[in-house]
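Student:
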Amino acid sequence: MAASRSGFTYRVETEVPPGYIVACGGRSVETKNKANTITFVFESYKPTWRIDIAAARFKMIEDEGPKIRVFAIPEDEGEGRRILEAAQKSFRFYSGLFGEAGDFPGYTIIEVPEGWGSQASDFYVLQTAAAFRDKGRTSELYHEIAHNWNVRAKPAIQRCRYFDEAFASYFQGLAIREFEGEEAFEKYMTRLRDRFLQSCERDEENGSTPIAEYWREERGENSYTKGAWSLFVLHQVVGDSVLRSLVSGFLREFRTREADFESFQGFAEKAAGMNLDRFFKEWIFGAESSRLLREKLDAGKIAERYR
Ligand SMILES: [Zn+2]
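Residue numbers (the working numbering): 298 to 604.
(1) Grouping DSSP H, G and I as helix and E and B as strand, with all else coil, what is A359?
(2) Contact between the stretch 559–569 and the stretch 587–594: three or more CB pairs below 8 angstroms?
(3) At 4 residues or longer, what runs of the alpha helix (DSSP H) sit wholly inside the stretch 435–469?
(4) Per DSSP, what are the beta-bridge partners of G536 in this structure?
(5) Quick check on V319: buried or exposed, where buried means 16 or more other Cβ atoms within 10 Å of its Cβ?
(6) Can you tell me where the alpha helix (DSSP H) with E340 in it begins and where it stops?
(7) Between the C-alpha atoms of E359 and L381, what's the straight-line distance to the nearest angstrom?
(8) Does the beta-carbon distance from R492 to F482 come in below 8 angstroms?
(9) Pick from V422, A351 and I581: whose alpha carbon is nearest that of Y511?
(10) State buried or exposed for T522, treating a residue as buried only when at least 16 other CB atoms are found within 10 Å of its CB.
(11) Is the CB-CB distance between F420 and A472 below 8 angstroms?
(12) Can you name, in chain order, every residue of its own chain whose Cβ lies under 7 angstroms from the Cβ of A525, other than the five neighbours on each side?
(13) Of all the options E515, D373, P344 and E579, which has the alpha carbon lying nearest to the alpha carbon of M357?
(14) To which residues does DSSP link C497 through a beta bridge?
(15) Nearest-angstrom Cα distance between F577 and A369?
(16) Going by DSSP, which residues form a beta bridge with Y530?
(17) Could you check if D461 belongs to the surroundings of ligand 1, using beta carbon to heavy atom distance under 7 angstroms?
(18) Please classify E501: is it buried, with 16 or more other beta-carbons within 10 angstroms of its beta-carbon, or exposed?
(19) For H444 versus D461, is the C-beta spacing smaller than 8 angstroms?
(20) May I ask you to check if the CB of H440 is nearer than 7 angstroms to at least one heavy atom of ligand 1?
(21) Could you tell me the boundaries of the alpha helix (DSSP H) in which L590 lies?
(22) Grouping DSSP H, G and I as helix and E and B as strand, with all else coil, what is G546?
(23) Less than 8 angstroms between the C-beta atoms of A352 and T311, yes or no?
(24) Check whether the Cβ of H444 lies closer than 7 angstroms to any heavy atom of ligand 1, and answer yes or no.
(25) Measure the Cβ-Cβ separation of A569 and L548 and say whether it is below 8 angstroms.
(26) Who pairs with Q424 in a beta bridge, going by DSSP?
(27) Which word fits P507, buried or exposed, when buried means at least 16 other C-beta atoms lie within 10 angstroms of its C-beta?
(28) Which residue or residues does DSSP assign as beta-bridge partners of F612?
(29) Based on Cα-Cα distance, which residue from N333, F305, T334 and K331 lies nearest to G323?
(30) Buried or exposed for S496, going by 16 or more other Cβ atoms inside 10 Å?
(31) Rounded to whole angstroms, what's the CA-CA distance from A384 to L494? Just pull it up for me.
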């Protein structure tokens, strides 16, 4: 392991009896066969904060295209195929909308027994058996795949979770609309709004804290809900084609730089050819937007304020 400021890198060798397959979130480097054992070797893709290794009599299902691999327990092989297809189609959908994923090394989905808890890190997810089998939860995979179209945020505001979770949560919604229809999309967005309103009931500062200040008291959880809504409203303000060019241009521009809210506003205004000051004041740098969500106005109605 080599430690660095932003995590560590690793190389792990796991020796198992024949018939077992080892799954890991890292890059598969080699497999060494001995008389009575097999050793699977993995390395991290990039500095990370965790290592996950699972050994079982997995069925491995993979494709040659976007390098997506699914490790399913044997009785769930059919589910594994369904999941691979869902991951592939969401991958193709986002590529079509926003361009190729940056340095996409592949994506791994590993089924684990019930009760172990689902976990995710860069380029992989561990899913408990119930989640793995539940078709209603396929859209969580759309979310994980969407993270490949995220820009990096400046460290000072990274814990707002806006540039990763708000974007992935809204992109998940777009994939739901594409694959399950308008009604499913509306249900999903309503659920996110309700979750945000519940979080305000628990602690009203979730409603009064601007998104740009979420990092101060670890309120980034609201980026999954209100953050996604901010992008939903912005989408209504600028329309489909501007949203696409905005996101793809923002990704290109910030592939090697770190973004913050000011640069996002500048970029959005340039892409839209509009002054978006009021939108950013109410949704990002201020919290007037919480009232709009509390009043349950629909996104189209809210967008009228900013045109
Ligand atoms: Zn996420």
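For glycine and all other residues, C-beta sits at the position ideal for the given N, C-alpha and C.
Tutor: Well, looking at it:
(1) Checking the displayed sequence, the identity of residue 359 turns out to be Glu instead of Ala. Here E359 sits in strand by DSSP.
(2) no
(3) Listed in chain order, the complete alpha helix (DSSP H) runs (minimum 4 residues) inside the stretch 435–469 are 435–443.
(4) The partner list for G536 (beta bridge, DSSP) is empty, contrary to what the question assumes.
(5) buried
(6) E340 -> not in any alpha helix (DSSP H); beta strand (DSSP E) instead, spanning I335 to E340.
(7) 7 angstroms
(8) no
(9) I581
(10) buried
(11) no
(12) A463, S466, Y467, G470 and L489, listed in sequence order.
(13) D373
(14) Residue pairing from DSSP leaves C497 without any beta-bridge partner.
(15) C-alpha separation (whole angstroms): 44 angstroms.
(16) The sequence as given places Val at residue 530; Tyr does not occur at that position. As computed with DSSP, V530 is found in no beta bridge at all.
(17) yes
(18) So E501 ends up on the exposed side.
(19) yes
(20) H440 has its Cβ nearer than 7 angstroms to a heavy atom of ligand 1.
(21) E585 to R591
(22) helix
(23) In terms of Cβ geometry, A352 and T311 form a close pair [threshold 8 angstroms].
(24) Yes, Cβ of H444 sits closer than 7 angstroms to a heavy atom of ligand 1.
(25) no
(26) E408
(27) It counts as buried.
(28) Any question about residue 612 goes unanswered here, given that the chain covers just 298 to 604.
(29) When only C-alpha atoms are compared, the closest one is F305.
(30) buried
(31) 31 angstroms
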